[in-house]
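Input: a single structure, listed below in structure tokens.
Numbering (mature numbering (1 follows the signal peptide of the UniProt record, and there is no 0)), first residue to last: -22 to -1, 1 to 778.
Right, here's the structure in full:
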């Protein structure tokens, strides 16, 4: 048996070998030539001119390379989802069409805003790739209809519209309904009115359900709804008989879409059938009817309703009416209005071009309102909101900042560059500065900020690139505090204040008081400019009588001093709300710092710290320094975190002692903040903390030392990456990424094979250390396996 098995294995090998020798070409050798003939032939061959490689034409694209490009495009545009298993664990990956509908609650504004609502994650990733044109052209040659349709939609978004392919996509019943809807929306957004009319005429062939099953009926309803939104892109929509016919549809979505299509046609004649739908049994249809067809008396009752959706519909409906009563109602919308009403009002003001009213809400307390303001920057063609754009970029909410950065992509490059430079110069957050610098570097075609590059170096480099690209015409950012007061004017104002404080006669004091009130701006600017010098100068009459009358912030502070504890906190919070809209006068902050007590209530000290949340002037520094010694641990912890902004004021010695604070949160915050205070005392305190029993505190100290380029910190993080506790290893990886040390690259590559949480932390830390996100070029940004493979391949080729 063994011999037979060996013979069976060797037989195919022998046959193949025999075939190779049998098929080998045997050339006939000529007779032996003379040596002189061979030498002459070699000499003639050596004299032949060899074509230069640089002058040769590029080789034609082979069939293999073309197929590889098509396969890569199919891989990039293929969407997958992961279905859970019955046990609740990770299941298998299944391909899907990838299209999803977003922001459906504002689709009736699409004719004005003209933005796609059908989104595809993989297509969005391809559109952001530098080789997007090559990928989409290769995908157009794919054999899979789904890939062809997605590529056609992507090319249409780039301005290359192939209406025939999009129409074929809509009519193809074998494709997913969401893909057909996305193609229909793209036809409408690209202005292909003839194609839309053709599809409407043949709708019975491609849209009507073949069977009366629930799935077929739902698909037909989705397609007809999308067709109504496509017809809404026309002018004089209310006179279109096709929409009037849709008001009698059996589908709720279609009736609502037909009403929404009529909304923005404010000057057309509304058909009487639209008001009949105010009492529709479907709330979706009734809501669309309120926006499009409700009279003022119905809208006024809706605006007073407890339902937020009805109040939102009332705002849109009053804007449609445009009569005096509606305008008066819309004019009463202020900061105290519900968030949904404010967002609806912002949409209406954009349509009416009232960007100055929108700018008033750029500092609203609710981040959703500020995010709505940031989204409208893209439509501000005259740049009326340019003054607030820098403030939105420095917003505390990442959503607001990212929305503002996305909107600035629609501005002219020079205007967007000016705004980003202004935001960088006034930014007080390292995270916001890094995000803004990356966008600005991409806009200018400059390299992204390096890990070891300081914010000052990044700003200087980008300013130089701006001057070389746009010249010296870029306007310098105006300081938020005016400094145009002359030394002589400030001296004269101080003399007048001194006379007012020393005046004994009531008539003399009244005359000087009127003079100070008339020169209000100069007085406030003088006090703000000379606040540190006037800190201990007694000016009781000025503070008690004139300043509360001149400025509302001084009035709130006076009220806070006169109230009991609970009312004092309320007054301080109102003052904190004002500080988020404008920077407080520095003289006022000095007075607040003098009034701070270390035994003050915790809520009161929290309210005082909120006054300087975005402030880094000397008076704010003094308040934070006092909070470091407060009896409440939460106050100390917050003050330690804010010391990151005050690295020039010598808080390193205090923070070094607070590493051994009795509160654990204070110890962790101190170890984290000390990385911004380089010095011998800082490194000594952090090195002593490396041996602490608290593993998180020790890892934080090691990360701060590594951030300061200390070898002890690097060695400690390597040691912590081998710890048996998973959380310790994950914290060590995060600290490695923050430090930016290239020595951690081998360790981070090794930890890609660790547990899921450590692996995820390593994937986030590697771009910070390397300075480039290698895995972002791979298909599927959230596909962990492809990211790990990309980093391992890069390490094997580049580092080793």
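We treat Cβ as the ideally placed atom computed from N, Cα and C, and that holds for glycine.
Pull the bridge partners of residue 183 from the DSSP assignment, please. According to DSSP, which records beta bridges pairwise, residue 183 is partnered with nothing at all.
In this structure, how does DSSP classify residue 785 when only helix, strand and coil are distinguished? Since the first and last residues shown for the chain are -22 and 778, residue 785 lies out of range.
Take residue 368 as the anchor and find which of 342, 384, 405 and 360 has the nearest alpha-carbon. 405
Work out the CA separation of residue 468 and residue 499 for me, nearest whole Å. 11 Å
Helix, strand or coil: how does DSSP classify residue 98 here? strand
Reduced DSSP secondary structure (H/G/I, E/B, other) of residue 120: coil
Return the chain-ordered list of same chain residues with a C-beta closer than 7 Å to the C-beta of residue 692, the five sequence neighbours on each side being excluded. 684, 719 and 721
Is the segment 137 to 151 touching the segment 95 to 110, taking contact as three or more C-beta pairs under 8 Å? no
Continuous alpha helix (DSSP H) stretch holding residue 637: start and end: Careful: residue 637 lies outside any alpha helix (DSSP H) and carries neither H nor E.
Determine contact between the segment 259 to 270 and the segment 113 to 121, defined as no fewer than three beta-carbon pairs at a distance below 8 Å. no
Sort out for me which residues DSSP pairs residue 73 with in a bridge. 58
Residue 145 to residue 418, Cα distance in whole Å? 39 Å
What is the rounded straight-line gap between the Cα of residue 270 and the Cα of residue 83? 15 Å
Would a C-beta distance cut-off of 7 Å place residue 131 and residue 161 closer than the cut-off? yes
Cβ shell of residue 333 (< 6 Å), same chain only, five flanking positions each side left out: 358, 362 and 363
Between residue 201 and residue 185, is the Cβ-Cβ spacing less than 7 Å? yes
If you measure between the beta carbons of residue 668 and residue 647, is that distance less than 7 Å? no
Take every Cβ of the segment 546 to 555, pair it with every Cβ of the segment 505 to 520, and state whether three or more of those distances are shorter than 8 Å. no
Residue 232 and residue 224: beta carbons closer than 7 Å? yes
Quick check on residue 769: does DSSP put it in helix, strand or coil? helix
Report the three-state DSSP secondary structure of residue 363 (helix, strand or coil). coil
Measure the C-alpha to C-alpha separation of residue 385 and residue 394 and round it to an integer number of angstroms. 9 Å
Need the endpoints of the alpha helix (DSSP H) that residue 658 sits in, please. 658 to 667
If I measure Cβ to Cβ from residue 324 and keep anything under 6 Å in the same chain, skipping five residues before and after, which residues do I get? 336 and 350
C-beta atoms of residue 98 and residue 76 nearer than 7 Å: yes
Own chain partners of residue 81 with C-beta closer than 7 Å, once the 5 adjacent residues on each side are dropped: 95
Check whether the segment 309 to 323 and the segment 284 to 297 touch, using three or more Cβ-Cβ pairs below 8 Å as the test. yes
Going along the chain, which residues of its own chain have a beta-carbon closer than 6 Å to the beta-carbon of residue 775, five neighbours each way excluded? none
Have a look at 566, 609, 581 and 612 and flag the residue whose alpha-carbon is nearest the alpha-carbon of residue 600. 566
Can you give the Cα-Cα distance for residue 738 and residue 763, rounded to whole angstroms? 11 Å
When you compare only the Cα positions, how much space is there between residue 541 and residue 549? 9 Å
Pull up the distance between the alpha-carbon of residue 771 and that of residue 155, whole angstroms please. 39 Å
By a C-beta neighbour count over all protein chains shown, 10 Å radius and 16 as the cutoff for buried, is residue 483 buried or exposed? exposed
N-terminal and C-terminal residue of the alpha helix (DSSP H) that residue 192 is part of: 192 to 209
Do you know how far the Cα of residue 602 is from the Cα of residue 527? 28 Å
Tell me the DSSP secondary structure of residue 738 in three-state form. helix
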